[in-house]
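>
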Amino acid sequence: MPRMLDVSEDVRAEIGDAEADRLLVGDNTPGSYDCTSCRTPGDSEQERTSTVLFVGDETAVLAFAHATCIPSQVVQVAEEQLQGAVRSITGGEGPDVGGSGAGLPQDAPTEQAVLGITSGLVLIDDELHPALVVEPTGAISRPGTDGSRGDEFLQLLLEQGFHPVHRTDQVPAVLHGWSILLAVGQLHAVLQPGTGGGAPVAWWQAHAPLQVTEGWRTAANKSQTVLVFAAPAGSIGQQPREDLLRDALDRAAAKGLLVAAAMPLAGT
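Using the numbering used here, you'd call the opening residue of the sequence shown number 34 and step up by one each time.
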């Protein structure tokens with residue numbers, strides 16, 4: 034049976050047209066899988082599924098994720114981490130492309146983690162504010178380090194000007210120089226200041242523009258500001274409703290695991 038599978042051009046270029054076509058018609062694709070982003074079960078026969086190719090120096094592992102979690106893409110990882118994932122998947126055998134993605138490392142360094150973004154409306158002082166919630170797929174270490182200091186995602190954001198959030202009933206301060214790029218009702222990027230006062234660069238960029246709801250877009254156009262909340266991997270998760278998302282934000286804030294900033298809207 035054909036799968037509801039997304040295979041990006043980057044993944045296709047790595048695995049070849051023949052393998053990509055076999056995946057799309059249902060060959061070599063598990064019906065069920067553990068999402069490599071949120072770690073919950075998925076079913077490629079029932080919901081859109083992204084192919085995510087983890088590539089090391091000598092090994093590649095094709096994993097699967099909910100398309101609502103992350104888009105299909107190629108992710109570079111350290112060879113030793115990938116070999117550990119292969120052993121977890123195969124029970125000690127050593128193939129290159131294949132496997133469900135179970136056991137792929139959560140403690141990948143900065144260049145190996147993927148930032149997941151969820152949009153939603155947050156009620157503060159009886160007013161709905163457009164918000165984005167950022168949560169990496171794994172621990173973030175400081176560039177140039179070996180990751181032995183643990184997850185430094187929040188500390189890195191605090192150094193960029195984000196503020197700790199202990200309660201979600203207040204609008205966070207504006208982070209100057211950062212902005213949210215929205216075009217034709219679609220989310221394209223979160224921009225940060227360029228080095229040396231240069232043009233803004235993408236801190237996060239959508240693999241393909243993300244749709245936002247009409248309510249979210251209306252609120253953003255009204256306020257011209259978007260609230261950006263960020264938490265370490267595993268703190269928020271995929272929440273099916275905005276009230277559950279708010280509850281997850283409240284729990285993260287109570288644990289000291291939430292930072293935030295308000296950013297001006299660029300575009301419409």
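For each residue, glycine too, the CB sits at the ideal point set by N, CA and C.
Extract the residue ranges of the beta strand (DSSP E) inside the segment 148-219, only unbroken runs of 3 or more that lie entirely within it.
Taking only runs of at least 3 residues, the beta strand (DSSP E) segments lying wholly in the segment 148-219 are 148-157, 160-169 and 212-216.
> Within 10 angstroms of the Cβ of T73, are there 16 or more other Cβ atoms? Answer buried if so, exposed if not.
Exposed: under 16 other Cβ atoms inside 10 Å.
> Compute the beta-carbon to beta-carbon distance between A53 and T82, rounded to the nearest angstrom, for a pair I have assumed lies under 8 Å.
About 14 Å separates the two Cβ atoms, so there is no contact after all.
> From what residue to what residue does the alpha helix (DSSP H) around L366 run?
Nothing can be reported for residue 366: it is not among the residues displayed for the chain, which extend from 34 to 301.
> For T228, is the classification buried or exposed, using 16 other Cβ atoms within 10 angstroms of its Cβ as the cut-off for buried?
Result: exposed.
> Closer than 7 Å by C-beta to R45: which residues in its own chain qualify, once you throw out the five before and the five after it? Chain order, please.
Excluding sequence neighbours, R45 sits near A53.
> In terms of residue numbering, what span does the alpha helix (DSSP H) encompassing V44 cover?
It spans E42 to I48 - the alpha helix (DSSP H) in which V44 sits, taken as one unbroken run.
> Measuring alpha carbon to alpha carbon, tell me which residue in S152, W237 and P104 is nearest R250.
Taking only the C-alpha atoms, the option nearest R250 is S152.
> When the Cα atoms are used, what is the spatial distance from T170 to I269?
Their Cα atoms are separated by approximately 11 Å.
> Which residues does DSSP pair with W249 in a beta bridge?
In the DSSP output, where bridge partners are listed per residue, W249 has none listed.
> Between which two residues does the beta strand (DSSP E) holding A93 run?
A93 to H99 is the span of the beta strand (DSSP E), which, as asked, contains A93.
> Which residues mark the beginning and the end of the beta strand (DSSP E) in which L86 is found?
Run containing L86: T82 to V88, per the beta strand (DSSP E) assignment.
> Bridge partners for W237 per DSSP, in chain order?
According to DSSP, which records beta bridges pairwise, W237 is partnered with V223.
> Determine the closest residue to R284 out of A299, A235, P273 and G267, with distance taken between C-alpha atoms.
When only C-alpha atoms are compared, the closest one is G267.
> In the DSSP assignment, the alpha helix (DSSP H) including L278 goes from what residue to what residue?
From DSSP, the alpha helix (DSSP H) with L278 extends over E275 to A287.
> Report all residues from its chain with a CB closer than 8 Å to the CB of A263; omit the five preceding and five following residues, and keep chain order.
For A263, where only same-chain residues beyond five positions count, the Cβ hits under 8 Å are V166, V167, E168, F186, L187, L190, F195, L291, V292 and A293.
> Using DSSP with H/G/I as helix, E/B as strand and the rest coil, what is L53?
The amino acid occupying residue 53 in the given sequence is Ala; Leu does not appear at that position. DSSP places A53 in helix when its eight states are reduced to three.
> Let me confirm a value: V40 is counted as buried when at least 16 other C-beta atoms fall within 10 Å, else exposed. Which label applies?
By the neighbour-count rule (16 or more Cβ atoms within 10 Å), V40 is buried.
> Can you tell me whether L156 is buried or exposed, with buried defined as 16 or more other CB within 10 angstroms of its CB?
Label assigned to L156: exposed.
> What is the DSSP secondary structure of G229, reduced to helix, strand or coil?
In this structure, G229 counts as helix in the three-state DSSP scheme.
> Buried or exposed: which applies to V58, given that a residue is buried once 16 or more other Cβ atoms fall within 10 Å of its Cβ?
Flag for V58 reads exposed.
> Quick one: Cα of E47 to Cα of P104, how far?
If you take the alpha carbons of E47 and P104, they lie about 16 Å apart.
> Cβ atoms of A295 and V204: under 9 Å apart, would you say?
In this structure, A295 lies closer than 9 Å to V204 by Cβ.
> How about V234 and L224: are their beta carbons less than 9 Å apart?
It is a contact, given that the beta carbons lie within the stated cut-off.
> Verify whether the separation of the beta carbon atoms of A299 and I213 is less than 9 Å.
Yes. Within cutoff.
> Compute the Euclidean distance between the alpha carbons of G64 and L215, then round it to the nearest angstrom.
If I take the Cα positions, the gap works out to 35 Å.
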